[in-house]
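Student:
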Amino acid sequence: MNIFRFAGDMTHLISILILLLKIYATKSCAGISLKTQELYALVFLTRYLDLFTDYVSLYNSVMKIVFIASSLAIVWCMRRHPLVRRSYDKDLDTFRHQYVVLACFVLALVLHERFTFQEVFWAFSIYLEAVAILPQLVLLQRSGNVDNLTGQYVLFLGAYRGLYIINWIYRYFTEDHFARWIACVSGLIQTALYADFFYYYYLSRIKQDTIMRL
Amino acid sequence: DETENVHDEL
Numbered sequence: 001m002n003i004f005r006f007a008g009d010m011t012h013l014i015s016i017l018i019l020l021l022k023i024y025a026t027k028s029c030a031g032i033s034l035k036t037q038e039l040y041a042l043v044f045l046t047r048y049l050d051l052f053t054d055y056v057s058l059y060n061s062v063m064k065i066v067f068i069a070s071s072l073a074i075v076w077c078m079r080r081h082p083l084v085r086r087s088y089d090k091d092l093d094t095f096r097h098q099y100v101v102l103a104c105f106v107l108a109l110v111l112h113e114r115f116t117f118q119e120v121f122w123a124f125s126i127y128l129e130a131v132a133i134l135p136q137l138v139l140l141q142r143s144g145n146v147d148n149l150t151g152q153y154v155l156f157l158g159a160y161r162g163l164y165i166i167n168w169i170y171r172y173f174t175e176d177h178f179a180r181w182i183a184c185v186s187g188l189i190q191t192a193l194y195a196d197f198f199y200y201y202y203l204s205r206i207k208q209d210t211i212m213r214l
Numbered sequence: 001d002e003t004e005n006v007h008d009e010l
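Going down the list, the sequences are from chains L and D. Anchor point for the first sequence: position 61 equals 61 in my numbering, and the numbering is continuous, going up by one each time. Anchor point for the second sequence: position 9 equals 9 in my numbering, and the numbering is continuous, going up by one each time.
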């Protein structure tokens with residue numbers, strides 16, 4: 001464990017908690033893609049299949065449970081909470097994410113570290129996390145609604161990606177056998193997609209602020 | 001070795 005990865009995990013967790021608290025406090029999920037949140041929950045559920053079989057550390061196990069619980073809590077809120085679900089942009093959040101799930105699974109069957117049940121699902125979760133932001137990006141382009149996507153959410157999400165890339169660079173230079181190509185290449189693609197999301201986010205922010213001022 | 005195969009990153 002290095003400080004970059006620890007900080008990356010913390011900023012990732014904070015970004016999820018910020019979104020969950022924002023939805024719960026405002027009882028609204030307008031502008032938030034349920035499909036992206038469902039993909040995130042699927043990412044954690046398929047990545048942490050080793051929760052009960054491989055013990056890395058108490059921190060690792062606790063964080064896995066927290067990530068699974070918080071991402072499922074967001075999905076539950078958006079699907080089941082009587083007030084929140086009414087504000088869901090159902091007719092705008094129409095990205096066909098099932099094709100993305102299928103494509104990632106096929107890729108995981110072809111490209112993985114070892115052909116075992118857990119490893120294929122681990123690779124699947126890595127690929128899926130990279131593209132999970134797409135429904136949210138499309139919804140943002142369509143709705144331009146940034147009410148619930150606070151600046152802090154975007155800031156911590158960006159910090160998570162940046163810190164993880166620094167973590168990989170650090171591990172590459174300090175550990176002799178560090179070669180997590182699947183995670184690194186997929187993580188770089190994910191960061192590029194996040195940069196695109198941040199670009200549209202700030203465009204929407206500026207547009208919304210301009211309208212507010214007029 | 002076995003530890004190498006376990007994914008230690010979240």
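Glycine residues also receive a C-beta, built at the ideal position from the N, C-alpha and C atoms. Note that the structure is a prediction, hence the values are computed from the model and not measured.
If you reduce the DSSP assignment to three classes, tell me which class L/PHE115 lands in.
Tutor: L/PHE115: coil per DSSP, three-state reduction.
Student: Apply the 10 Å Cβ neighbour rule to D/VAL6 and answer buried if 16 or more other Cβ atoms are within range, or exposed otherwise.
Tutor: Answer is exposed; the Cβ neighbour count stays below 16.
Student: Kindly indicate which three-state DSSP category L/THR94 falls into: helix, strand or coil?
Tutor: Coil.
Student: What do you get for L/LEU157, buried or exposed, if any count of 16 or more other CB atoms within 10 angstroms of its CB means buried?
Tutor: Answer is buried; the Cβ neighbour count reaches 16.
Student: Taking Cβ positions, are L/ASN148 and L/THR26 nearer each other than 8 Å?
Tutor: For L/ASN148 and L/THR26, yes; Cβs fall inside 8 Å.
Student: Can you tell me which of the three DSSP states L/THR150 falls into?
Tutor: In this structure, L/THR150 counts as coil in the three-state DSSP scheme.
Student: Taking only beta-carbon atoms, is L/ASN60 less than 8 Å away from chain D?
Tutor: Output row for L/ASN60: interface = yes.
Student: I think L/ASP89 touches L/SER143, with their Cβ atoms under 8 Å apart; what is that distance to the nearest whole Å?
Tutor: Contact flag correct, Cβ pair sits at about 6 Å.
Student: By the criterion of Cβ-Cβ separation under 9 Å, what are the contact partners of L/PHE67 in chain D?
Tutor: Under the 9 Å cutoff, chain D gives LEU10.
Student: If you drop the 5 nearest sequence neighbours on each side, which residues of the same chain put their C-beta closer than 8 Å to that of D/ASP1?
Tutor: In this predicted model, D/ASP1 has a pLDDT of only 44, less than 50, meaning its place in the structure is not dependable enough to derive any value.
Student: Shortest alpha-carbon distance to L/LEU107 belongs to which of L/LEU214, L/VAL138, L/VAL131?
Tutor: Per the Cα distances, L/VAL131.
Student: Label L/HIS97 either buried or exposed according to how many other C-beta atoms from any shown protein chain fall within 10 Å of its C-beta, with 16 as the threshold for buried.
Tutor: With 16 or more other Cβ atoms within 10 Å, it is buried.
Student: Tell me which residues share the same chain as L/ARG79 and place their Cβ nearer than 8 Å to its Cβ, disregarding the 5 neighbours each side in the sequence.
Tutor: So the list reads LEU34, ARG85, once near-sequence residues are dropped.
Student: Excluding sequence positions up to five away, which residues of its chain have a Cβ less than 6 Å from the Cβ of L/GLN152?
Tutor: Only ILE18 meet the Cβ criterion.
Student: L/ALA30: which of L/TRP122, L/LEU139, L/HIS12 sits nearest, CA to CA?
Tutor: Among L/TRP122, L/LEU139, L/HIS12, the Cα nearest to that of L/ALA30 is on L/LEU139.
Student: DSSP on L/LEU83, reduced to helix/strand/coil?
Tutor: The answer is coil: DSSP assigns L/LEU83 none of H, G, I, E or B.
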